[in-house]
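Comments concern the structure below.
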Amino acid sequence: MKRIKAKYQSVPLLAKILVAIVLGVCIGMVAPDTLVRVMNTFCSVFSQLLGFLIPLIIIGLVTPAIARVGQRAGRMLAITALLAYSFTVVSGLFAYGFSISIFPALIDATMQHALQAGDAAFDPYFTIKIPPLMEVMSALVASFMLGLGIASFGANYLYNMFDELEKIVTKTISKVIIPLLPLYIFGLFMDMAASGNVAPVLKSFAMIIVVIFSMTLVLLLVQYGIAGLLTKRNPGKMLLTMLPAYFTALGTSSSSATIPVTLKQVEANGVRSEIARFVVPLCATIHLSGSMLKITSCAIALMMMQGLTVDFLQIFGFILMLGITMVAAPGVPGGAIMAALGVLETLLGFDPAQQAMMITLYVAMDSFGTACNVTGDGAIAAIIDRIMASKKHVM
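Sequential numbering from 112 applies to the sequence shown in my numbering.
Below is the structure:
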């Protein structure tokens with residue numbers, strides 16, 4: 112039994128979700144109503160649990176993340192954080208412009224009911240209400256206040272407390288939410304298949320993934336074009352030098368695990384060692400252009416699939432908040448999307464089923480989103496190196 116459990120845990124999350132989708136579709140087309148209702152009962156309880164945990168995830172992850180960044184004082188930190196946040200926000204705006212231009216031609220308006228609840232015959236047998244301890248926005252505001260306060264006053268006792276809370280939340284995500292997520296997605300796709308809604312959803316998902324992958328490549332060209340212009344270096348050569356880091360991130364799906372390769376390639380691009388050794392580890396946490404692009408594009412695609420209005424000001428506010436919240440992304444698969452669930456719920460009104468679809472799409476593209484983050488770190492490091500050299504020369 113332990114051996115089977117160990118083998119299951121070693122299977123990548125993406126593989127588990129793909130299997131869950133395939134089984135959900137196949138079984139849903141032939142399953143009796145009773146089985147569909149049983150799975151819908153589980154999905155109902157799981158969605159309530161997820162709604163309960165989202166404010167705690169925000170408090171437990173965002174607060175210590177902001178406190179850690181705030182405790183690292185210095186001009187280079189401020190410049191790097193501002194540049195990384197700017198890159199991340201611009202990535203979201205790029206995703207918005209690209210998405211509203213491309214997705215309407217790919218997403219049929221008749222799909223708008225495909226992600227909604229199935230036939231009444233498949234209603235869950237019962238539901239359990241698990242109200243959250245606080246509203247999501249309250250959790251976000253409290254996290255910012257506490258994180259900045261801990262950093263400003265050096266509140267070590269509070270920092271240690273939230274550091275332990277972060278470990279509890281991370282363990283809950285990795286041991287409860289992530290293992291149950293494939294079963295939840297299995298239930299959702301079973302319901303869609305039983306209701307006859309699954310075909311257009313899968314077709315749209317495939318097209319969305321291809322388009323977003325293309326967007327990440329264009330984004331990297333833009334980022335290195337800017338870096339090349341500011342540093343007066345060949346952007347194509349800089350980007351080619353970073354390819355080992357890109358492909359390493361594709362394999363590991365982790366910015367942190369790719370740091371040694373990223374650092375080596377950044378220095379190969381002519382960035383001074385002392386700059387690279389500061390910027391690269393920091394950007395592995397705070398620079399999330401690829402993740403921003405994926406989440407923003409997926410959110411817009413799902414809104415279009417359901418016939419919802421995509422308002423620029425609403426999406427812009429979402430991008431600004433998401434750029435801060437994702438700093439709390441924990442070291443578990445799909446960490447950025449887990450940290451983003453609260454913002455998706457509060458600012459875009461996504462319910463648990465929509466959040467599950469977001470997780471599905473995000474995890475399917477997790478590796479090349481991470482690769483985009485990591486490769487973009489090289490552009491930021493080159494720009495920081497140029498800025499700090501100029502300041503040193505002026506002084």
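Where is the CB? At the ideal position from N, CA and C, for every residue including glycine.
Computed from a prediction, not measured in an experiment: that's the story for all the values here.
{"Check": "Candidates L146, N151 and I289, of which the one nearest V122 by Cα", "Outcome": "I289"}
{"Check": "C-alpha gap between L291 and S158, whole angstroms", "Outcome": "11 Å"}
{"Check": "Touching by the beta-carbon criterion (3+ pairs, under 8 Å), the region 186-193 and the region 295-303", "Outcome": "no"}
{"Check": "Nearest-angstrom Cβ-Cβ length linking G258 and V173, presumed shorter than 8 Å", "Outcome": "7 Å"}
{"Check": "Status (buried if at least 16 other CB within 10 Å, exposed otherwise) for M256", "Outcome": "exposed"}
{"Check": "Three-state secondary structure (DSSP) of A228", "Outcome": "Any answer about A228 is weak, because its pLDDT of 48 lies below 50 and its placement is not dependable; what the coordinates show is given next. Coil."}
{"Check": "Check whether T152 and P235 have beta carbons under 8 Å apart", "Outcome": "yes"}
{"Check": "Environment of E277 [buried if 16+ CB atoms lie within 10 Å]", "Outcome": "buried"}
{"Check": "I507, DSSP secondary structure in three states", "Outcome": "Since the displayed the chain opens at 112 and closes at 506, residue 507 lies outside it and no answer follows."}
{"Check": "Extent of the continuous alpha helix (DSSP H) run through Q465", "Outcome": "P463 to A475"}
{"Check": "Inter-residue spacing [alpha-carbon to alpha-carbon] between S513 and L361", "Outcome": "Outside the modelled stretch of the chain, which goes from 112 to 506, sits residue 513, for which no answer is possible."}
{"Check": "Top-ranked residue by Cα proximity to G434, from I241, G203 and M415", "Outcome": "G203"}
{"Check": "Element boundaries [alpha helix (DSSP H), containing P346]", "Outcome": "P346 to T352"}
{"Check": "Local conformation of S365 per DSSP, three classes", "Outcome": "coil"}
{"Check": "Proximity winner among D496, G489, A451 and D477, relative to A250 (alpha-carbon distances)", "Outcome": "A451"}
{"Check": "Simplified DSSP state of E246, which is helix, strand or coil", "Outcome": "coil"}
{"Check": "Per-residue DSSP class, three states only, for I406", "Outcome": "helix"}
{"Check": "S365 and T481 closer than 8 Å at C-beta", "Outcome": "yes"}
{"Check": "Same chain only: Cβ atoms within 6 Å of M140, ignoring 5 sequence neighbours per side", "Outcome": "A304"}
{"Check": "I383, DSSP secondary structure in three states", "Outcome": "As written in the sequence, residue 383 is Arg, which differs from the Ile given in the question. DSSP places R383 in coil when its eight states are reduced to three."}
{"Check": "Integer-rounded CB distance, given that M437 should sit under 8 Å from S408", "Outcome": "Contact doesn't hold; Cβ gap of about 15 Å is too wide."}
{"Check": "Supposed contact pair I128 and M301 - C-beta distance, whole angstroms, cut 8 Å", "Outcome": "Not really, about 14 Å apart at Cβ, beyond 8 Å."}
{"Check": "Distance between T352 and A387 (C-alpha atoms, nearest Å)", "Outcome": "15 Å"}
{"Check": "Nearest residue (CA-CA) to A410, options G460, K375 and L393", "Outcome": "G460"}
{"Check": "L269: first and last residue of the uninterrupted alpha helix (DSSP H) it sits in", "Outcome": "N267 to T283"}
{"Check": "8 Å contact criterion, which I218 and M416 should meet: CB distance rounded", "Outcome": "5 Å"}
{"Check": "T436, enclosing alpha helix (DSSP H) - first and last residue", "Outcome": "F423 to T436"}
{"Check": "Continuous alpha helix (DSSP H) stretch holding G298: start and end", "Outcome": "I289 to S306"}
{"Check": "From A500, I132 and A126, residue whose alpha carbon lies closest to that of K314", "Outcome": "I132"}
{"Check": "Buried versus exposed call for T327 [16 or more other C-beta atoms within 10 Å across all chains shown]", "Outcome": "buried"}
{"Check": "Alpha-carbon to alpha-carbon, I337 and F198", "Outcome": "11 Å"}
{"Check": "Euclidean distance between Cα positions of L330 and F205", "Outcome": "8 Å"}
{"Check": "Buried or exposed by the 16-neighbour rule on C-beta atoms within 10 Å, applied to E456", "Outcome": "buried"}
{"Check": "Per-residue burial, I495 [other beta carbons within 10 Å of its own, 16 or more giving buried]", "Outcome": "buried"}
{"Check": "Beta-carbon contacts of F237 that lie in its chain and below 7 Å, excluding the five residues immediately before and after", "Outcome": "T152"}
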